[in-house]
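Inspection log for the structure reproduced underneath, given as structure tokens.
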Amino acid sequence: MNHSADDTIKIRVTGLDFSYRKRPVLKNVTADFAGNSITALTGPSGVGKSTFLMTLNRLWEDLPGASMRGKVEIRLQGRLRDIYDRSMELTELRKKVAMVFQTPNPLPMSIRKNMAFPLKLAGERDKSAVNARIEEALRMANLWDEVKDRLEEDARALSGGQQQRLCIARALITEPEVLLLDEPTSSLDRHSTAIIEELLTGLKERLTILVVSHYLEQVVRISDRVVEFAGETIVSL
Amino acid sequence: MKTVREIAAERTFLLSALASSSITVGILAFMVFMGLPLLHEGGFFAILGNAWDPYRGAYGIYPMIAGTAAVSLLGLAVAFPLSLGCSFLTAGIAPKPLRGVLRRFIELMTGIPTVIYGFVGIFLLVPIIREFFRDGSGMCVLTAALVLGVMISPTMTLFFRDAFDRIPRAYLNAADALGASRAQKLIHVMLPLAKKGMLNGVILALGRAVGDTLIALMLAGNSAQVPSSVMEPARTLTAHIALVIAADYESPEFRSIFACGVVLYLFTMALTFLVRYLAHGEDARI
Amino acid sequence: MRRRILEKATVWFSWAAGLTLLASVAVLLCYLLAKGHEALSTGLIFGGTPPLRALLLQERVFDGLFPALAGTLLLIILSIAWAIPVGISTGIYLAEYADGRVKKALDAFFDVLAGIPSIVVGLFGFASAVFLHRHFSDRIGPCLLISSISLSFLVLPYLIRTTQAALEGIPGETRLTALALGATRVQNIFLVLIPRSLPGIMSGIVLAIGRCAEDTAVIMLTGAVASAGLPSSLLSQYEAVPFYIYYISSQYADPAELTSGYGASILLLMLCAVLFSAAYGIRKGLTHCTLYRA
Chain A
74 MNHSADDTIK
84 IRVTGLDFSY
94 RKRPVLKNVT
104 ADFAGNSITA
114 LTGPSGVGKS
124 TFLMTLNRLW
134 EDLPGASMRG
144 KVEIRLQGRL
154 RDIYDRSMEL
164 TELRKKVAMV
174 FQTPNPLPMS
184 IRKNMAFPLK
194 LAGERDKSAV
204 NARIEEALRM
214 ANLWDEVKDR
224 LEEDARALSG
234 GQQQRLCIAR
244 ALITEPEVLL
254 LDEPTSSLDR
264 HSTAIIEELL
274 TGLKERLTIL
284 VVSHYLEQVV
294 RISDRVVEFA
304 GETIVSL
Chain B
-8 MKTVREIAAE
2 RTFLLSALAS
12 SSITVGILAF
22 MVFMGLPLLH
32 EGGFFAILGN
42 AWDPYRGAYG
52 IYPMIAGTAA
62 VSLLGLAVAF
72 PLSLGCSFLT
82 AGIAPKPLRG
92 VLRRFIELMT
102 GIPTVIYGFV
112 GIFLLVPIIR
122 EFFRDGSGMC
132 VLTAALVLGV
142 MISPTMTLFF
152 RDAFDRIPRA
162 YLNAADALGA
172 SRAQKLIHVM
182 LPLAKKGMLN
192 GVILALGRAV
202 GDTLIALMLA
212 GNSAQVPSSV
222 MEPARTLTAH
232 IALVIAADYE
242 SPEFRSIFAC
252 GVVLYLFTMA
262 LTFLVRYLAH
272 GEDARI
Chain C
618 MRRRILEKAT
628 VWFSWAAGLT
638 LLASVAVLLC
648 YLLAKGHEAL
658 STGLIFGGTP
668 PLRALLLQER
678 VFDGLFPALA
688 GTLLLIILSI
698 AWAIPVGIST
708 GIYLAEYADG
718 RVKKALDAFF
728 DVLAGIPSIV
738 VGLFGFASAV
748 FLHRHFSDRI
758 GPCLLISSIS
768 LSFLVLPYLI
778 RTTQAALEGI
788 PGETRLTALA
798 LGATRVQNIF
808 LVLIPRSLPG
818 IMSGIVLAIG
828 RCAEDTAVIM
838 LTGAVASAGL
848 PSSLLSQYEA
858 VPFYIYYISS
868 QYADPAELTS
878 GYGASILLLM
888 LCAVLFSAAY
898 GIRKGLTHCT
908 LYRA
């Protein structure tokens, strides 16, 4: 096996087929993604970019009528693991492979509670530890200075760009190794987009980022590598 | 890999669903079980077709079936035009600010307890009917049907409104763009498109009319004869159950109320499936 | 020209129908108020007994509605207590777990259950009581317990449908938010989906309470009686306001009793009006389709 030779591979997808309501979306997709890089996924809408992201954290399993075949391996804590293996715990996987959606989706609660939510799910009770991690994650998302005095306010009162950074911070709080972003800036103005692009570039040192994007400029600006999706498969790497 | 809590919660949900659905089956099964001895004696259809004359040993429920049909169909005939008119009013005939108020009021009317309709019916409508027609006690099919009609109208109106509300906005915009008046829009666009939904409303309202107990019990006079005119008293299946319940548990009278229960159950079930079938067809079309 | 007539006729017809219905209900309300307003006092509820002593259960109320009101209240609390856990869990199962054939079958079951006339449910409760009495214990008969269980069957479809509709109305993105953060399915349901659908579920509960308060057919078969005082246990008979109204209509002895019947009607009507406007107020989008699945 030459697996061990290539320690830089973070995600390896082999022979992935995906269909939704009996309609094929992805066919025989095979790709490797290197660690600590930003990969942009582009292509026309409806070719399965978002679906591809969902196969990496198994979120598609909650969509009715979807089915998948193939193998997805992700290097977690230094070991390349088949994420569809029975030994892989789903909630653990989703904490390590975090996801941010197209439209900001803060939950209808305060900023602090939104941030603490993933920790609450994990059963973390130590209040000072929670607060410390909230601050750390918000700093990583370059949001701390803007919200530190209003943590008890409803998260939906933030601007669109701030909401999206809050969602990124919320995803970061579980200390993920992979961050999936599905067109994270498509609902934001130019200024907020620039802030988030800068943020993502900075995060590259800590984790591996896959971002779906329609905007060619953005793709060129921030990504180390571009993967283009077209008609059920990947055409250029 | 699921935790114990996860599995326990899922099992609880599943168990609740099974328990609640078993109630549906359980009620019918128990009813049939209790009425079984009666079926052995005379056969099911004999009970449905025979007259009620306990002194001569006849325990048929045919008069009650006829009574139920008379009261509920006449009630429906009263309610249909009222509900049609009210749904037209709230769907566009009435001026805009009034529509919302009207709808709100009709929603509230669905909450008036049936026993209150019956109570006011006895002391207000029964004397009027008695004086007006100068015939009998005033407790008759007509009295019960009038009150029943008023009772089910709000529900039926809301069903009609739901049918109107499901019409795609685009059709209404098209009618508006062509300069149709509110009445024209109603007659030529909304009515044809909402026909099926309105039929559903009528069927569901019929179910309520057949299932209502208190109004018929308090106002229809309760004589166990097939009524030959709307001025005569009648007894419905529901009222029959309420009246005979005090009889001796082993008596054939007591057994006969389970036949009533089974008939009511099966009839409302048939209506439910009819509505489901019609609604299904509608989904397939869109 | 003929078209014009049709349109005009439609407008006239609509107003006539609307005014007829409104007038009937207005007459009903005015008649009740005219006949019953003089009965509205603390005497209507407590009779000759001092209210405080009655409330503290120190003295029995003989000629007032207090036992009937207490009976109705107990009945509501018990029925809702049985129905809420089962109804909401079933709603969750339908919305979040059931799929395909299972969902269709369950849907059909609950549609049928929602359509069963209340007297049939009452008959079922009564027959069960008789059955238990003969085969298990002669302490069991028609009673508060049997009534409340029967009533909970009656309101179960309301709770199931409102819960299911509220959960299914949540947009897909909200549904995935917590899952993507590592929530389990159950955590997602309890921490995100249920809190989001609370208004819908609450309106279902309020409607169910209204139904329990007004139902007469079930309770007259399963243990409501004209005079029982306050129920001493779950296995005793009880009084209830709607049954009292029904009883007075046929058995009143003197005008004073009849007047208190009007008074009781006004009380019950106000209670139901408050509950129903609360239910519709809590969730404006609550259509009749939610309940009847037309």
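Protein chains in written order, with my numbering: chain A, 74 to 310; chain B, -8 to 277; chain C, 618 to 911. Each residue gets a CB set at the ideal place from its N, CA and C atoms; glycine is no exception.
- Cβ proximity to chain C below 9 Å picks out Met182, Phe190, Pro191, Lys193, Leu194, Ala195 from the segment 182 to 196 of chain A.
- With respect to the 8 Å criterion, Cys77(B) and Ala634(C) are classified as neighbours on the basis of their beta carbons.
- Thr281(A) is positioned such that its CB atom lies no closer than 8 Å to that of Ser123(A).
- For Cys647(C), none of the residues of chain B pass the 8 Å Cβ criterion, the least Cβ distance being about 10 Å.
- CA-CA distance, Gly26(B) to Gly17(B), rounds to 14 Å.
- For Asp724(C), the enclosing alpha helix (DSSP H) begins and ends at 717 to 732.
- Apart from the 5 residues on each side of it in sequence, Leu208(B) sits with its Cβ closer than 8 Å to the Cβ of Gly109, Thr227, Thr229, Ala230, Ala233, Leu234 in its chain, given in chain order.
- Against Glu831(C), the close residues of chain B are Gly102, Ile103, Pro104, Thr105, Val106, Ile107, in the order they occur along the chain (beta-carbon pairs closer than 9 Å).
- Per DSSP, the unbroken beta strand (DSSP E) holding Thr87(A) starts and ends at 82 to 93.
- By the Cβ test, the segment 204 to 212 of chain A is in contact with the segment 181 to 196 of chain A, since at least three Cβ pairs between them sit closer than 8 Å.
- Residues of chain C with a Cβ closer than 7 Å to the Cβ of Met213(A) do not exist; the shortest Cβ-Cβ separation is about 16 Å.
- Between Glu856(C) and Thr839(C), the alpha-carbon positions lie close to 12 Å from each other.
- Taking the C-beta atoms as reference points, Ala746(C) is found no nearer than 8 Å to Ile733(C).
- The beta carbon of Tyr714(C) sits closer than 8 Å to some beta carbon of chain B.
- Annotated as distal: Val201(B) and Thr148(B), with beta-carbon spacing of 8 Å or more.
- The CB of Glu790(C) comes closer than 7 Å to the CB of Phe174, Thr176, Asn178 in chain A, given here in chain order.
- Per DSSP, Ser140(A) is one residue of the beta strand (DSSP E) stretching across 139 to 149.
- Nearest neighbour of Met22(B) by Cα position, chosen from Val858(C), Val891(C), Val642(C), Val738(C), turns out to be Val738(C).
- For chain C, the residues of the segment 166 to 177 of chain B that bring a beta carbon within less than 8 Å of one of its beta carbons are Ser172, Ala174, Gln175, Leu177, in chain order.
- Taking C-alpha positions only, Ala712(C) is separated from Leu784(C) by approximately 6 Å.
- Residue pairing from DSSP places Leu114(A) in a beta bridge opposite Val285(A), Val300(A).
- As the crow flies, the alpha-carbon of Tyr240(B) is around 16 Å from that of Gly252(B).
- By the CB criterion at 8 Å, Ile52(B) and Leu39(B) fall inside the cutoff.
- The beta carbon of Leu796(C) falls within 8 Å of a beta carbon belonging to chain A, placing the residue at that interface.
- As for any alpha helix (DSSP H) of minimum length 4 sitting wholly inside the segment 91 to 162 of chain B, the runs are 105 to 111, 117 to 124, 132 to 156, ordered along the chain.
- Ile899(C) and Leu824(C) have their C-alpha atoms spaced approximately 11 Å apart.
- Using a Cβ-Cβ distance cut-off of 8 Å, the segment 827 to 841 of chain C and the segment 682 to 702 of chain C are in contact, since at least three pairs of beta carbons, one from each stretch, lie closer than that value.
- Only residues of its own chain outside the window of five on either side were considered, and among them none has a CB closer than 6 Å to the CB of Ile56(B).
- Within chain A, Leu163, Thr164, Leu194 have C-beta atoms less than 9 Å from the C-beta of Thr801(C), given in sequence order.
- Around the C-beta of Tyr864(C), 16 or more other C-beta atoms lie within 10 Å, and the residue is accordingly described as buried.
- Relative to Phe893(C), the option among Leu99(B), Leu9(B), Val138(B) whose CA is nearest is Leu99(B).
- When DSSP states are grouped into helix, strand and coil, Arg263(A) belongs to the helix group.
- Around Leu884(C), no beta-carbon contact reaches into chain B at under 7 Å, the shortest distance being about 11 Å.
- Between Asp255(A) and Leu796(C), the C-beta spacing is not below 8 Å.
- With 16 or more other CB atoms across the displayed protein chains lying within 10 angstroms of its CB, Phe302(A) is buried.
- Between Phe79(B) and the set Ala715(C), Leu692(C), Lys625(C), Leu749(C), the nearest pair of CA atoms involves Lys625(C).
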